[in-house]
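Residue numbers (the working numbering): -18 to 102. Built from N, CA and C at the ideal position, the CB exists for glycine as well. All figures in this text were calculated on a predicted structure; none of them were measured in a lab.
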């Protein structure tokens, strides 16, 4: 009996597929704030700020490349945001003073209430 394999052509196909370049790649120095009830002031340093948890309050000084918030009841106040603000979860608040980021409220898509707003600085 002669056995054949399809693995060879599959491997060749996998090598041909090129991964697209990320639109907003992670940068060394991205800041993660994780926890419950954390109150923190930090420098965004042109990187991405990621907040995950409940009841956190983060004051982001300088410019953030992007802001991502997950969980519930978090508040982020950013000096400026360049690329995007993405919010998952419920009762999240993100205020920013400068920039023209893309606002993406994933929680609202699921019927949750969040606040993403530019405010005078």
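Integer-rounded CB distance, given that residue 32 should sit under 8 Å from residue 50
5 Å
Give the range of the beta strand (DSSP E) segment to which residue 43 is assigned.
38 to 53
Less than 8 Å between the CB atoms is what I'm expecting for residue 43 and residue 63, so what's the real figure, rounded?
Going by Cβ atoms, the distance from residue 43 to residue 63 rounds to 11 Å, so no, they are not a contact pair.
Per DSSP, residue 32 is paired with what?
14, 50
Considering residue 88, what are the terminal residues of the alpha helix (DSSP H) in which it resides?
87 to 90
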